[in-house]
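So the protein sequences, as listed, match chains W and C.
If you want my numbering, it's the 1-based position in the first sequence plus 146.
If you want my numbering, it's the 1-based position in the second sequence plus 2.
Where a beta carbon is used, it is the ideal one built from N, C-alpha and C, also for glycine.
Here's the structure we're looking at; comments come further down.
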Amino acid sequence: MIDFVNQYLIPALVLGSIYALGAIGVSMIYAILRFAHFAHGDLMATGAYIGLLVVWVLDATPLAELSVNVRLLIGLPLAFAGTAAVAILIDRLFYKPFRRAKSMIVVVIASFGVALMLRSLVQLFFGVDVINYADGIQFPLKMFQPLRILERHIYIVVVAIALMLVLHYFLTRTRTGKAMRAMSDDADLARVSGINTERVVIWTWILGGGLVAVAGVFLGMDTRLVPTMGWDMLLAVFAAAILGGLGQPYGAIAGGLIIGAMEELSTYPWIGDGPLVPPDYKTAVAFAVMVLMLIFRPQGLFRGRVL
Amino acid sequence: MEIYGLFLFAVGFLTMAMIYAVASLGVNINWGFTGLFNVGVAGFFAVGAYSSAVLTAPESVHHIGGFGLPVPVGILAAMVLAALVAWPVGKICLRLRSDYLAIATIGIAEILRLTFRNYQPLGGGPFGVNNIPRPFESLPTPWDQIAFLLLVVAIVGVILFLVQRAWTAPWGRVLRAIRENEDAAEAAGKDVEKFRLQAFILGSALMGLFGALMAHYVKIISPEGTEPLLVTFLPWVMLIVGGAGNNRGAVVGAILVWGLWTMTELLTGRLPDDWALRVGYLRIFLIGLLLQVVLQKFPGGLLPERPPTVPRD
Numbered sequence: 147m148i149d150f151v152n153q154y155l156i157p158a159l160v161l162g163s164i165y166a167l168g169a170i171g172v173s174m175i176y177a178i179l180r181f182a183h184f185a186h187g188d189l190m191a192t193g194a195y196i197g198l199l200v201v202w203v204l205d206a207t208p209l210a211e212l213s214v215n216v217r218l219l220i221g222l223p224l225a226f227a228g229t230a231a232v233a234i235l236i237d238r239l240f241y242k243p244f245r246r247a248k249s250m251i252v253v254v255i256a257s258f259g260v261a262l263m264l265r266s267l268v269q270l271f272f273g274v275d276v277i278n279y280a281d282g283i284q285f286p287l288k289m290f291q292p293l294r295i296l297e298r299h300i301y302i303v304v305v306a307i308a309l310m311l312v313l314h315y316f317l318t319r320t321r322t323g324k325a326m327r328a329m330s331d332d333a334d335l336a337r338v339s340g341i342n343t344e345r346v347v348i349w350t351w352i353l354g355g356g357l358v359a360v361a362g363v364f365l366g367m368d369t370r371l372v373p374t375m376g377w378d379m380l381l382a383v384f385a386a387a388i389l390g391g392l393g394q395p396y397g398a399i400a401g402g403l404i405i406g407a408m409e410e411l412s413t414y415p416w417i418g419d420g421p422l423v424p425p426d427y428k429t430a431v432a433f434a435v436m437v438l439m440l441i442f443r444p445q446g447l448f449r450g451r452v453l
Numbered sequence: 003m004e005i006y007g008l009f010l011f012a013v014g015f016l017t018m019a020m021i022y023a024v025a026s027l028g029v030n031i032n033w034g035f036t037g038l039f040n041v042g043v044a045g046f047f048a049v050g051a052y053s054s055a056v057l058t059a060p061e062s063v064h065h066i067g068g069f070g071l072p073v074p075v076g077i078l079a080a081m082v083l084a085a086l087v088a089w090p091v092g093k094i095c096l097r098l099r100s101d102y103l104a105i106a107t108i109g110i111a112e113i114l115r116l117t118f119r120n121y122q123p124l125g126g127g128p129f130g131v132n133n134i135p136r137p138f139e140s141l142p143t144p145w146d147q148i149a150f151l152l153l154v155v156a157i158v159g160v161i162l163f164l165v166q167r168a169w170t171a172p173w174g175r176v177l178r179a180i181r182e183n184e185d186a187a188e189a190a191g192k193d194v195e196k197f198r199l200q201a202f203i204l205g206s207a208l209m210g211l212f213g214a215l216m217a218h219y220v221k222i223i224s225p226e227g228t229e230p231l232l233v234t235f236l237p238w239v240m241l242i243v244g245g246a247g248n249n250r251g252a253v254v255g256a257i258l259v260w261g262l263w264t265m266t267e268l269l270t271g272r273l274p275d276d277w278a279l280r281v282g283y284l285r286i287f288l289i290g291l292l293l294q295v296v297l298q299k300f301p302g303g304l305l306p307e308r309p310p311t312v313p314r315d
C-alpha cells in the first residue's frame with residue numbers, strides 16, 4: 147500500500163499539478179482568442195530555461211549557498227514574468243495580425259512556426275544536451291517517513307495550489323478577471339459593452355504564459371531540461387484542456403490532475419505482474435483519453451466549448 | 003573536378019527537393035484542396051519509410067525482415083499501408099473541427115514514432131533499418147544518382163499530372179466546395195464525410211510514398227529520421243511558401259525551401275564545429291520566420307491558387 151502511494155500516487159499528483167498549470171493557459175487562450183495554441187509546450191520550455199539562467203546567475207552571488215530548489219523558487223517570478231513577456235511579444239508579432247481573420251486556422255499554423263522558432267532559440271543558446279538544475283540525488287524528507295516525499299514535491303504541489311487560488315480570486319473578484327470571463331462567453335457582446343478586449347488579450351497571455359513557465363520550471367525540477375521537453379508535453383496538456391472542457395480554467399485543472407494520474411497509474415500492474423501499460427508508452431495514455439473524449443464527449447467533463 | 007562535384011551536388015539537391023515535393027503535394031491534397039489540417043505527416047512518413055524498408059532490406063538481427071522484395075513492391079506497400087493507417091484516423095477525426103484534427107494527427111504521429119522507437123522487432127528500435135536498397139545503385143557513380151533523380155522526377159511528374167487532373171475534375175471541385183462552405187456542399191447533396199475521407203487517405207498515401215522514397219534514397223531509416231521538424235514542418239512550409247491550393251506551387255515551394263535549407267547548411271558548414279552545430283539551429287528559426295512572413299504578407303504564397311477554367315461546351 148505504502149509502495150503504491152510512494153511510487154504511483156505522489157508522482158501522479160506532482161505530474162498532474164504540472165499538467166494543470168499548462169492546461170489552464172491552453173484553455174484560456176482558446177476561450178479568449180479562439181485558437182489552439184501549439185506553441186504552448188515550447189513556452190513551457192522557455193520558462194524552464196529562464197529558470198536555469200536564474201540558477202546560473204545566483205551561483206555567482208552569495209545566494210549560491212541556498213539549495214537549488216530554493217534558488218528556483220526565487221527564480222519562479224522571473225520565469226513567470228519573462229515568459230509572459232515573451233508570450234505578449236509573440237502575440238504582437240505573429241498572432242495579432244490575424245485577429246480579424248475569417249478562419250483562425252491560419253493562427254494555428256503560425257503558432258506551429260512559433261513553436262519551432264522558440265525551440266531553435268533554446269537550442270541555439272543552451273545546446274541540445276540534457277541539463278539538470280542540480281546534480282546529485284535528493285533524499286525524501288525524514289518527517290514524512292515512510293512516505294517518500296521529496297522537498298521539491300512539496301514546493302511543486304503547494305505553489306501550484308497557491309497559483310490556482312490566486313487565479314480563482316483574479317477571475318472572480320477583479321475587473322479584469324470578470325472582463326476576461328465576459329469575453330470568453332461572448333467576445334462581441336464584451337466589446338460593445340466597452341470592455342477593452344486587447345487588454346484582456348494581454349492578460350490572457352500574462353496568465354497563460356506565466357503559468358506554463360512555472361509548469362516548465364517544475365517539470366525541470368522534477369525531471370531534467372531538454373529543448374524538446376515542451377513539445378513532448380504538448381499532447382498531455384491538450385488532452386487535459388480538452389478533458390476539462392476547453393475554455394474552462396477550473397476544468398483544465400481537473401483535467402491536468404486526471405491525465406497526470408492516469409499516465410502514472412497506467413504503469414501499475416493492475417492485471418498480472420507486468421505494468422498494465424509499459425512506461426515507454428505512457429504518452430499514449432493521454433492520447434487515448436483525448437481521442438475517447440473527442441468521440442464521446444467533445445465538450446469535456448465541464449461543458450466547455452465544442453470545437 | 004570542381005564542376006563535377008558541383009554537378010553531383012546539384013543532382014543530390016534536386017533529388018531531395020523532388021522527394022519533398024511528393025510530401026508537399028500530399029499536404030496540398032489535404033490542406034490546399036480540402037482544408038484538412040493534417041500535421042501528422044511524420045506518422046505517415048514513418049509508416050511508409052519503415053514498411054518499404056522492412057520489405058526490401060536484407061535480413062537483420064534487429065528487426066523482422068529479410069523479405070528482400072523488389073523496391074517497387076515496397077514502395078507500393080508503403081502507400082497502401084499509409085492509406086490503411088489513415089483510414090481509421092480519418093474515420094474518427096474528420097468529423098471534428100480543424101483544430102482538433104491537428105491535435106489528433108499530431109498524437110497519431112507521436113504514437114507511431116513512439117512505437118517504432120520502442121518496439122524493436124518492427125523497425126529495429128533505436129538501430130533502425132539499415133542497408134535499404136536504392137534503385138540503380140549498381141550503376142557506375144554519376145549514373146546511379148542521375149538515374150535515381152530521373153526516377154523521382156518521373157514520379158513527381160506523374161503525381162503532378164494526376165492531381166492537376168483531380169483539381170479540375172468534379173472531384174476536386176467538390177473538395178474545394180467543402181473547404182469553402184461545408185454546409186453548402188452538404189446541401190448540394192454531396193457526401194461531405196466521404197469526400198473528406200478520400201482526400202485525407204489520398205494525401206496520407208502520398209506522405210507514405212514520401213517516406214518510402216526517402217528511405218530508399220538515404221538507405222537508412224531510424225527514429226531520428228522521423229523528426230517532425232524535418233518531415234512534417236518542412237513540407238508544410240514548402241506548400242505555404244509555394245502557394246496552398248496550387249499543385250505547381252507545391253513543387254516550386256519544395257525546391258525553394260529545400261534550397262534555402264541547403265544553402266544555410268553550406269554557410270554554417272564553414273564555421274568551427276562547435277559553432278556550426280549551434281548556428282545550425284538558427285536556420286530552423288529562419289524557416290519559421292519565413293513561414294510567418296509569407297503567412298502575413300503573401301497569404302496566397304508565390305503561386306497563389308487559381309480556380310480552374312472550365313471549358314464551356
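Self-check item: Short-range partners of chain C found in the stretch 406 to 437 of chain W, where Cβ spacing is below 7 Å
Solution: Under the 7 Å Cβ criterion, the stretch 406 to 437 of chain W contributes Asp426, Tyr427, Thr429, Ala430, Phe433, Met436, Val437.
Quiz item: What are the residues of the stretch 269 to 300 of chain W that lie near chain C, defined by any Cβ-Cβ distance shorter than 9 Å?
Solution: Residues passing the 9 Å Cβ filter: Gln269, Leu270, Phe271, Gly273, Val274.
Quiz prompt | Whole-angstrom distance between arginine 298 (chain W) and methionine 367 (chain W), CA atom to CA atom | solution = Along the first sequence, read from residue 1 onward, the residue named residue 367 (chain W) stands at position 221. Along the first sequence, read from residue 1 onward, the residue named residue 298 (chain W) stands at position 152. Taken atom to atom, the span from the alpha-carbon of methionine 367 (chain W) to that of arginine 298 (chain W) is near 7 Å.
Practice problem: Please classify valine 131 (chain C): does DSSP put it in a helix, a strand, or coil? | Solution: For the purposes of this step, residue 131 (chain C) is taken as residue 129 along the second sequence, with counting starting at 1. Residue state, collapsed to three classes: strand.
Exercise. May I ask you to report which of helix, strand or coil DSSP gives isoleucine 203 (chain C)?
Key: As a position in the second sequence, residue 203 (chain C) is number 201, starting the count at 1. If DSSP states are grouped into helix, strand and coil, isoleucine 203 (chain C) belongs with the helices.
Quiz prompt | Cβ neighbour criterion (16 or more within 10 Å) applied to serine 173 (chain W) | solution = If you number the first sequence from 1, residue 173 (chain W) lands on position 27. It counts as buried.
Quiz item: Would you say glycine 303 (chain C) and valine 233 (chain C) are within 9 Å of each other, going by their C-beta atoms?
Solution: In the second sequence, counting from the first residue as 1, residue 303 (chain C) sits at position 301. In the second sequence, counting from the first residue as 1, residue 233 (chain C) sits at position 231. Contact: no.
Exercise. Kindly indicate if chain W contains any beta-carbon less than 9 Å away from that of glycine 14 (chain C).
Key: Taking the second sequence and counting its residues from 1, the one referred to as residue 14 (chain C) is at position 12. Chain W contact via Cβ: absent.
Quiz item: Excluding sequence positions up to five away, which residues of its chain have a Cβ less than 8 Å from the Cβ of leucine 27 (chain C)?
Solution: Here residue 27 (chain C) refers to the residue found at position 25 of the second sequence. Val158, Ile161, Leu162, Val165, Leu208, Asn249, Ala252, Val253, listed in sequence order.
Quiz prompt | alanine 85 (chain C) versus C:Pro309, C:Leu273, C:Leu204, C:Thr266, residue with shortest Cα-Cα distance | solution = Counting from one through the second sequence, the residue named residue 85 (chain C) turns up at place 83. Per the C-alpha coordinates, the member of C:Pro309, C:Leu273, C:Leu204, C:Thr266 positioned closest to alanine 85 (chain C) is C:Leu204.
Practice problem: For isoleucine 251 (chain W), count neighbouring Cβ atoms within 10 angstroms of its own Cβ and tell me buried if that reaches 16, exposed if not. | Solution: Taking the first residue of the first sequence as position 1, residue 251 (chain W) is located at position 105. The residue is buried, with at least 16 neighbouring Cβ atoms inside 10 Å.
Practice problem: Answer yes or no: does any C-beta atom of chain C fall closer than 9 Å to that of phenylalanine 181 (chain W)? | Solution: One-based indexing of the first sequence puts residue 181 (chain W) at position 35. At a cut-off of 9 Å between beta carbons, phenylalanine 181 (chain W) contacts chain C.
Quiz item: With burial defined as no fewer than 16 other Cβ atoms inside 10 Å of the residue's Cβ, what is the status of isoleucine 5 (chain C): buried or exposed?
Solution: The residue labelled residue 5 (chain C) in the question sits at position 3 within the second sequence. By the Cβ neighbour-count rule, isoleucine 5 (chain C) is exposed, with fewer than 16 other Cβ atoms within 10 Å of its own.
Quiz item: Mind pulling the chain W residues with CB within less than 7 Å of serine 100 (chain C)?
Solution: Translated into the one-based positions of the second sequence, residue 100 (chain C) becomes position 98. Chain W residues near serine 100 (chain C): Ile251.
Quiz prompt | At least 3 beta-carbon pairs within less than 8 Å: the stretch 427 to 440 of chain W vs the stretch 376 to 385 of chain W | solution = The stretch 427 to 440 of chain W vs the stretch 376 to 385 of chain W: in contact.
Exercise. Find the nearest neighbour of proline 138 (chain C) within the set C:Gly127, C:Phe129, C:Leu151, judged by alpha-carbon distance.
Key: As a first step, residue 138 (chain C) must be located in the second sequence, where it is residue number 136. Per the sequence presented here, residue 138 (chain C) reads as phenylalanine, with proline not at that position. Selection C:Gly127, C:Phe129, C:Leu151 evaluated against phenylalanine 138 (chain C) yields C:Leu151 as nearest (Cα-Cα).
Quiz item: How many whole angstroms separate the CB atoms of glycine 171 (chain W) and glycine 355 (chain W), which I take to be in contact at a CB cut-off of 8 Å?
Solution: Within the first sequence, residue 171 (chain W) is the residue found at index 25, counting from 1. Within the first sequence, residue 355 (chain W) is the residue found at index 209, counting from 1. Distance from glycine 171 (chain W) to glycine 355 (chain W) at the Cβ level is roughly 7 Å; contact confirmed, criterion being Cβ atoms closer than 8 Å.
Exercise. Find the residues of chain W that neighbour leucine 231 (chain C), judging by a C-beta separation of less than 7 Å, and give them in chain order.
Key: By 1-based counting over the second sequence, the position of residue 231 (chain C) is 229. Correct list: Leu262.
Quiz item: Using a C-beta to C-beta distance shorter than 9 Å, which residues of chain W count as neighbours of asparagine 132 (chain C)?
Solution: For the purposes of this step, residue 132 (chain C) is taken as the residue at position 130 of the second sequence. Contact note: asparagine 132 (chain C) does not reach chain W at a C-beta cutoff of 9 Å; the least C-beta distance is about 22 Å.
Practice problem: Within 10 angstroms of the Cβ of glutamine 394 (chain W), are there 16 or more other Cβ atoms? Answer buried if so, exposed if not. | Solution: Taking the first residue of the first sequence as position 1, residue 394 (chain W) is located at position 248. Flag for glutamine 394 (chain W) reads buried.
Quiz item: From what residue to what residue does the alpha helix (DSSP H) around phenylalanine 448 (chain W) run?
Solution: Position 302 of the first sequence holds residue 448 (chain W). Careful: phenylalanine 448 (chain W) lies outside any alpha helix (DSSP H) and carries neither H nor E.
Quiz item: Does the stretch 175 to 187 of chain W come within contact of the stretch 433 to 442 of chain W, defined as at least 3 CB pairs closer than 8 Å?
Solution: Touching, no, given that fewer than three Cβ pairs across the two stretches are closer than 8 Å.
Quiz item: Checking contacts by CB at 9 Å: is phenylalanine 456 (chain W) closer than that to chain C?
Solution: Because chain W spans 147 through 453 in this model, residue 456 (chain W) falls outside it and cannot be assessed.
Self-check item: The alpha helix (DSSP H) enclosing serine 26 (chain C), as first and last residue numbers
Solution: Taking the second sequence and counting its residues from 1, one reaches residue 26 (chain C) at position 24. Boundaries of the alpha helix (DSSP H) around serine 26 (chain C): 4 to 29.
Quiz prompt | Length of the line joining the Cα atoms of threonine 318 (chain W) and leucine 311 (chain W) | solution = Along the first sequence, read from residue 1 onward, the residue named residue 318 (chain W) stands at position 172. Along the first sequence, read from residue 1 onward, the residue named residue 311 (chain W) stands at position 165. Approximately 11 Å between the Cα atoms of the pair.
Quiz item: Are any of the Cβ atoms in chain W nearer than 9 Å to that of leucine 297 (chain C)?
Solution: Numbered from 1 along the second sequence, position 295 holds the residue referred to as residue 297 (chain C). Interface residue, yes.
Self-check item: CB contact below 9 Å: isoleucine 388 (chain W) versus chain C
Solution: By one-based count along the first sequence, residue 388 (chain W) stands at place 242. Residue contact with chain C for isoleucine 388 (chain W): present (Cβ-Cβ distance below 9 Å to some residue of chain C).
Quiz prompt | alanine 217 (chain C) versus C:Phe46, C:Phe235, C:Ile286, residue with shortest Cα-Cα distance | solution = Locating residue 217 (chain C) in the second sequence gives position 215, where the first residue counts as 1. Ranked by how close their Cα comes to the Cα of alanine 217 (chain C), the residues C:Phe46, C:Phe235, C:Ile286 have C:Phe46 in first place.
Quiz item: Does the separation of the CB atoms of alanine 261 (chain W) and tryptophan 351 (chain W) fall below 9 Å?
Solution: Within the first sequence, numbered from 1, the residue matching residue 261 (chain W) stands at position 115. Within the first sequence, numbered from 1, the residue matching residue 351 (chain W) stands at position 205. Taking the C-beta atoms as reference points, tryptophan 351 (chain W) is found no nearer than 9 Å to alanine 261 (chain W).
Quiz item: Can you find a C-beta in chain W that's less than 9 Å from the C-beta of isoleucine 113 (chain C)?
Solution: Within the second sequence, numbered from 1, the residue matching residue 113 (chain C) stands at position 111. At a cut-off of 9 Å, the C-beta of isoleucine 113 (chain C) has a neighbouring C-beta in chain W.
Quiz item: In its own chain, which residues sit with a C-beta less than 6 Å from the C-beta of alanine 361 (chain W), not counting the 5 before and 5 after it?
Solution: Residue 361 (chain W) sits at position 215 when you count from the first residue of the first sequence. Ile164, Leu167, Gly168, Met190.
Quiz item: Considering only the beta carbon of each residue, do alanine 51 (chain C) and glycine 227 (chain C) sit closer than 9 Å?
Solution: If you number the second sequence from 1, residue 51 (chain C) lands on position 49. If you number the second sequence from 1, residue 227 (chain C) lands on position 225. Closer than 9 Å, so yes.
Quiz item: Between the C-alpha atoms of glycine 34 (chain C) and alanine 179 (chain C), what's the straight-line distance to the nearest angstrom?
Solution: On the second sequence, position 32 is the one that residue 34 (chain C) refers to. On the second sequence, position 177 is the one that residue 179 (chain C) refers to. Glycine 34 (chain C) and alanine 179 (chain C) have their C-alpha atoms spaced approximately 12 Å apart.
Quiz item: Can you name the residues that DSSP bridges to leucine 371 (chain W)?
Solution: Within the first sequence, the letter at position 225 stands for residue 371 (chain W). Leucine 371 (chain W) pairs with W:Ile277.
Self-check item: Residues bridged to isoleucine 223 (chain C) [DSSP beta-bridge criterion]
Solution: Residue mapping note: residue 223 (chain C) aligns to position 221 of the second sequence, counting from 1. BP columns for isoleucine 223 (chain C) point to C:Val131.
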